[in-house]
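In UniProt numbering, the protein residues as written are 1 to 676.
All C-beta atoms, glycine included, are put in the ideal place defined by N, C-alpha and C.
Here's the structure we're looking at; comments come further down.
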Amino acid sequence: VTMEMKDSGSVVLTAYHPHSPARIPGMEQSFVQDIPAGHSPTSRKSLSRCRRINRMLSNESVPPAFSRSNSQVSMDSTSMDDFWCEVESIKESREDGSEEAILLEFKPADEGELEAEWLQDVGLSTLISGAEEEDGQALLSTLTRTQAAAVQKRYNTYTQTLRKKNKHTVRDVRDIFGTSDSSPTFETVPVSPVSSNGIQLPGQKPVWKSVSSKSCLDCGIDKVSPSITEELSYDVSFSESITVLPKTQEWPKNQRFKKEDSALPKFIVRKSRFGLTEVGDLSPEDMKKIRYLSLIELTAFYDALGVELKRNRMERVRGRENGLFGVPLTVLLENDQKKVPGVKVPLIFQKLLLKLEETGLETEGILRVPGSASRVKNLHQELEAKFYEDTFDWDQVRNNDAAGLLKMFIRELPSPLFTVEYLPAFITLVEKISKIKLQLQALHLLIMLMPEANRDTAKAFLQFLKKVVANEGKNKMNLWNVSMIVAPNLFIYKGKRANQQEMQAAATTAHIVRLLIRYQDILWTVPSFLISQVRKMNEAAMNNSKRQLMFDKGVRKLLRRKTMERERPERPEGAVTFPPYLQSDIPEGVIRVYAPLHSKVSMAIQLNSQTKAKDILARFHCENSHGSSQNVGGQIQSLHEIGGNIGQHCLDPDAFMLDVYRANPQAEWVIKPKAS
Numbered sequence: 001v002t003m004e005m006k007d008s009g010s011v012v013l014t015a016y017h018p019h020s021p022a023r024i025p026g027m028e029q030s031f032v033q034d035i036p037a038g039h040s041p042t043s044r045k046s047l048s049r050c051r052r053i054n055r056m057l058s059n060e061s062v063p064p065a066f067s068r069s070n071s072q073v074s075m076d077s078t079s080m081d082d083f084w085c086e087v088e089s090i091k092e093s094r095e096d097g098s099e100e101a102i103l104l105e106f107k108p109a110d111e112g113e114l115e116a117e118w119l120q121d122v123g124l125s126t127l128i129s130g131a132e133e134e135d136g137q138a139l140l141s142t143l144t145r146t147q148a149a150a151v152q153k154r155y156n157t158y159t160q161t162l163r164k165k166n167k168h169t170v171r172d173v174r175d176i177f178g179t180s181d182s183s184p185t186f187e188t189v190p191v192s193p194v195s196s197n198g199i200q201l202p203g204q205k206p207v208w209k210s211v212s213s214k215s216c217l218d219c220g221i222d223k224v225s226p227s228i229t230e231e232l233s234y235d236v237s238f239s240e241s242i243t244v245l246p247k248t249q250e251w252p253k254n255q256r257f258k259k260e261d262s263a264l265p266k267f268i269v270r271k272s273r274f275g276l277t278e279v280g281d282l283s284p285e286d287m288k289k290i291r292y293l294s295l296i297e298l299t300a301f302y303d304a305l306g307v308e309l310k311r312n313r314m315e316r317v318r319g320r321e322n323g324l325f326g327v328p329l330t331v332l333l334e335n336d337q338k339k340v341p342g343v344k345v346p347l348i349f350q351k352l353l354l355k356l357e358e359t360g361l362e363t364e365g366i367l368r369v370p371g372s373a374s375r376v377k378n379l380h381q382e383l384e385a386k387f388y389e390d391t392f393d394w395d396q397v398r399n400n401d402a403a404g405l406l407k408m409f410i411r412e413l414p415s416p417l418f419t420v421e422y423l424p425a426f427i428t429l430v431e432k433i434s435k436i437k438l439q440l441q442a443l444h445l446l447i448m449l450m451p452e453a454n455r456d457t458a459k460a461f462l463q464f465l466k467k468v469v470a471n472e473g474k475n476k477m478n479l480w481n482v483s484m485i486v487a488p489n490l491f492i493y494k495g496k497r498a499n500q501q502e503m504q505a506a507a508t509t510a511h512i513v514r515l516l517i518r519y520q521d522i523l524w525t526v527p528s529f530l531i532s533q534v535r536k537m538n539e540a541a542m543n544n545s546k547r548q549l550m551f552d553k554g555v556r557k558l559l560r561r562k563t564m565e566r567e568r569p570e571r572p573e574g575a576v577t578f579p580p581y582l583q584s585d586i587p588e589g590v591i592r593v594y595a596p597l598h599s600k601v602s603m604a605i606q607l608n609s610q611t612k613a614k615d616i617l618a619r620f621h622c623e624n625s626h627g628s629s630q631n632v633g634g635q636i637q638s639l640h641e642i643g644g645n646i647g648q649h650c651l652d653p654d655a656f657m658l659d660v661y662r663a664n665p666q667a668e669w670v671i672k673p674k675a676s
């Protein structure tokens, strides 16, 4: 069997393609035509072997004898050759010792362990420990019908398993939630559409503003305007919006995806009166609650679709504690923050991206064409020694070598950049459910589950990939090409040979990367129904704290009554004490905004139904002596909602302030720089 392939240097390689990646005796490779300088034997071996793997999996018919048209077809956007060439390049970089291969172990799960871990991961360890934790109670009080059913299903499985094992007495779910029915249910919140703040304002119709994914992702990838336009709504949970179970079926081989970039639909996101919220707009405490709720919602979403939520139980690998490559992101950031306080993306990663953005975006075959293995190895060692001393010469780094270092950094992370616990679940969903909208909703929830360090680094990486695709006219790298190159670097586990099942999922992982790049601005937006639930959690926690505070005050009053009576000053005759909310001199519908970086540090502003956050910013800038510029100290200022039923929330400039104020009347309003 003979295959031909034409690379970017007009070299035709011909090779035999056995049934497995390993060489079969008697099947020898042969190359025709002279190889120009710069094409190493390693490159020839990689190109031929990766095509053998691709042919083995695809079971495509053997092409006819070589012709220019056939060679060109083999490199079109529907080919998986780039993926397998990248896999082979990664394999060879490990074999020559330029990378350390660390095996990620996957623990088998005992019966009931997965459910116990799931309950802990969603912040409901109280159901396992039996402790009366207020956070757990607050979380349970916010659940929708489908979310509550998902929690109940996992808890029932957990308790049934423990009873079988007779480990210890298990609390009955009716004792925990105060239900008397033999089929216990959780109390749930209404599933009717609510605002992003969990409050339905009477007599108000929502005002919508459409934000298309194309306007968010102006990547130049819509050469042909897609015929499909779909609307995404964040007001109702994804699991509740599934009213008809989609048809599930296994896709035929090689027909799973339309790989043309124009085949992807355009999505329109409806911006409500509360605006849109990005992941960096909320406080870390509230984002932790978002992660709890996202896992519950993801589980309910899969239950509603009738798809099993598979999960990897990965043993954590301890990486290096210093250096640049092979260091956990959290450790690397701790070291970097000593040099640059507040940095959220590792400095070495930022520098590699900057180098490529400045000089490599127009390089033909960037990311696809490998750099010199020996140069990359030497640069790797030199960076480890000189980067933090600021003595490394970046001018010596060629663009393809910088791309090689970037991919090496991602591969050598002890834990993958996109955490792999739920990767099998997403692959299963993509293979069973063909609707892109449902795939995108599942991916959206998976993004919300990412740890902060991974999420910030992934965001910087995807923004760079968007710029690569935007320069397709010069670098010849379209969306599918980039996705095929990036997928094995993100999703093929270190030190582990890909098995047949993983190899067959190659197109699926490339499709995942394509969705990440194309719809990234949508994916970094926090669904408003999750923000609504966080507000309810905070309100429930505050109410619990008030009740506890009242109890504590009663105890202290009994213990300290005489002391308090001696120290209490005499009140003037006829004096009346008002509650704090009545002591305020600010009338209804008026907020006091603080701007500590402006010359005029505070201002009372009367709100009406059309007042937006950007109007308040404009008024402050206009009335301050600094002029009308929205930059103070070189930083763009934003209006923040702080306290009340939210930790901290950087408001969308298009948010209608009267709606936000009514949703959180106890908040403070501060103008300050948005967290970068």
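Subject >> Cβ contact (3+ pairs, closer than 8 Å) linking the stretch 401–417 and the stretch 286–293 >> reply: No, they do not touch.
Subject >> Any chain B beta carbon closer than 8 Å to L516 >> reply: The question asks about chain B, but that chain is absent: this structure has only one protein chain.
Original post:
Excluding five sequence neighbours on each side, which residues of the same chain lie with their C-beta closer than 7 Å to the C-beta of P370?
Top reply: Here residue 370 refers to the residue found at position 370 of the sequence shown. Excluding sequence neighbours, P370 sits near S89, N400, G404.
**OP:** Quick one: grab the DSSP three-state call for K672.
**Re:** Looking up residue 672 in the sequence shown gives position 672. DSSP, read as helix, strand or coil, puts K672 in strand.
Original post:
Since A604 is in the beta strand (DSSP E), which residue starts that stretch and which ends it?
Top reply: Along the sequence shown, read from residue 1 onward, the residue named residue 604 stands at position 604. A604 -> beta strand (DSSP E) spans 602–606.
**OP:** May I ask you to list the residues that DSSP assigns as paired with R592?
**Re:** Within the sequence shown, the letter at position 592 stands for residue 592. Looking at the DSSP assignment, R592 forms a beta bridge with A604.
Subject >> Same chain only: Cβ atoms within 6 Å of L332, ignoring 5 sequence neighbours per side >> reply: Start at 1 with the first residue of the sequence shown, and residue 332 comes out as number 332. Contacts found: P346.
Original post:
In angstroms, rounded to a whole number, what distance separates the CA positions of I605 and V590?
Top reply: By 1-based counting over the sequence shown, the position of residue 605 is 605. By 1-based counting over the sequence shown, the position of residue 590 is 590. Taking the Cα positions, I605 is about 5 Å away from V590.
Original post:
Alpha carbon to alpha carbon, what distance is there between Q147 and P424?
Top reply: As a first step, residue 424 is located in the sequence shown; it is residue number 424 there, counting from the start. As a first step, residue 147 is located in the sequence shown; it is residue number 147 there, counting from the start. If I take the Cα positions, the gap works out to 21 Å.
Subject >> Straight-line Cα distance separating I427 from A510 >> reply: The sequence position of residue 510 within the sequence shown is 510, counting from 1. The sequence position of residue 427 within the sequence shown is 427, counting from 1. Rounded to the nearest whole angstrom, the C-alpha separation of A510 and I427 is 11 Å.
**OP:** Let me know if L516 comes out buried or exposed under the rule of 16 or more other beta-carbons within 10 Å of its beta-carbon.
**Re:** Counting from one through the sequence shown, the residue named residue 516 turns up at place 516. Buried, by the Cβ-count rule.
Subject >> Unbroken beta strand (DSSP E) run spanning E472, endpoints >> reply: Within the sequence shown, residue 472 is the residue found at index 472, counting from 1. It is not in any beta strand (DSSP E) - E472 instead sits in the alpha helix (DSSP H) that spans 472–475.
Subject >> L347, DSSP secondary structure in three states >> reply: Counting from one through the sequence shown, the residue named residue 347 turns up at place 347. Note: L347 maps to helix in three-state DSSP.
Subject >> Contact check, A505 vs L353, beta carbons under 8 Å >> reply: Walking along the sequence shown from the start, residue 505 turns up at place 505. Walking along the sequence shown from the start, residue 353 turns up at place 353. Contact: no.
Original post:
With contact counted as at least three CB pairs below 8 Å, one residue from each stretch, are the stretch 367–385 and the stretch 446–458 in contact?
Top reply: Under the three-pair Cβ rule at 8 Å, the stretch 367–385 does not count as touching the stretch 446–458.
**OP:** State the start and end residues of the unbroken alpha helix (DSSP H) segment that holds S241.
**Re:** Sequence index remark: in the sequence shown, residue 241 carries index 241 (1-based). Note, S241: premise wrong, no alpha helix (DSSP H); not H, not E.
Subject >> Cβ contact check for the stretch 320–338 and the stretch 431–449: 3 or more pairs under 8 Å >> reply: No: fewer than three Cβ pairs fall under 8 Å.
Original post:
How long is the line joining the alpha carbons of F464 and F491, rounded to whole angstroms?
Top reply: Numbered from its first residue, the sequence shown carries residue 464 at position 464. Numbered from its first residue, the sequence shown carries residue 491 at position 491. F464 and F491: Cα-Cα distance of roughly 18 Å.
**OP:** Could you please give the first and the last residue of the uninterrupted alpha helix (DSSP H) stretch that includes V269?
**Re:** Numbered from its first residue, the sequence shown carries residue 269 at position 269. For V269, no alpha helix (DSSP H) segment is defined; the enclosing uninterrupted segment is the beta strand (DSSP E) at 266–271.
Original post:
Going by C-alpha distance, which of A402, R320, E389 is nearest G360?
Top reply: Walking along the sequence shown from the start, residue 360 turns up at place 360. For G360, the nearest C-alpha among the options comes from A402.
Subject >> Pairwise C-alpha distance: M484 and I437 >> reply: The count along the sequence shown starts at 1 and reaches residue 437 at position 437. The count along the sequence shown starts at 1 and reaches residue 484 at position 484. For the record, residue 437 in the displayed sequence is Lys; it is not Ile. One Cα belongs to K437, the other to M484, and the distance between them is close to 21 Å.
Original post:
What is the residue span of the beta strand (DSSP E) that T229 lies within?
Top reply: The count along the sequence shown starts at 1 and reaches residue 229 at position 229. First-last of the beta strand (DSSP E) with T229: 229–232.
Subject >> Cβ-based burial, M657 [other Cβ within 10 Å; buried from 16] >> reply: Numbered from 1 along the sequence shown, position 657 holds the residue referred to as residue 657. The C-beta of M657 has 16 or more other C-beta atoms within 10 Å across all chains shown, which makes the residue buried.
**OP:** Flag this pair as yes or no: are the beta carbons of P596 and K672 separated by less than 8 Å?
**Re:** Position 596 of the sequence shown, counted from the first residue, corresponds to residue 596. Position 672 of the sequence shown, counted from the first residue, corresponds to residue 672. Their beta carbons are under 8 Å apart, which means P596 touches K672 by this criterion.
Original post:
G473: buried (16+ other C-beta within 10 angstroms of its C-beta) or exposed?
Top reply: For the purposes of this step, residue 473 is taken as residue 473 along the sequence shown, with counting starting at 1. Under this definition G473 is an exposed residue.
**OP:** Can you give me the start and stop residues for the beta strand (DSSP E) that H649 sits inside?
**Re:** On the sequence shown, residue 649 is found 649 positions in, with the first residue counted as 1. Segment 646–650, the beta strand (DSSP E) holding H649.
Original post:
Any idea if N608 is buried or exposed, counting beta-carbon neighbours within 10 angstroms, 16 or more meaning buried?
Top reply: As a working mapping, residue 608 is identified with position 608 in the sequence shown. Classification of N608: exposed, given that the 10 Å Cβ count is below 16.
**OP:** Hey, could you find the ends of the beta strand (DSSP E) E364 is sitting in?
**Re:** Counted from its first residue, the sequence shown places residue 364 at position 364. Element bounds for E364: n/a, residue is neither H nor E.
Original post:
Using the C-alpha atoms, what's the distance from E668 back to R592?
Top reply: Position 592 of the sequence shown, counting from 1, holds the residue named residue 592. Position 668 of the sequence shown, counting from 1, holds the residue named residue 668. About 8 Å.
Original post:
Exposed or buried, P341, counting other C-beta atoms within 10 Å across all chains shown (16 or more means buried)?
Top reply: Here residue 341 is taken as the residue at index 341 of the sequence shown, counted from 1. Burial call: exposed.
Subject >> Alpha carbon of R619 to alpha carbon of S602, nearest angstrom >> reply: Stepping through the sequence shown from its first residue, residue 619 is reached at position 619. Stepping through the sequence shown from its first residue, residue 602 is reached at position 602. Near 12 Å, if we compare the C-alpha coordinates of S602 and R619.
Original post:
What are the boundary residues of the beta strand (DSSP E) that includes L639?
Top reply: Numbered from its first residue, the sequence shown carries residue 639 at position 639. Where L639 is concerned, the enclosing beta strand (DSSP E) starts and stops at 635–643.
Subject >> Rounded separation between I268 and Y519 - CA only >> reply: Translated into positions along the sequence shown, residue 268 becomes position 268. Translated into positions along the sequence shown, residue 519 becomes position 519. One C-alpha to the other measures close to 11 Å.
Original post:
Just reading off the alpha helix (DSSP H) that S374 is part of, what are its end residues?
Top reply: Mapped onto the sequence shown, residue 374 falls at position 374. Here the alpha helix (DSSP H) through S374 covers 373–386.
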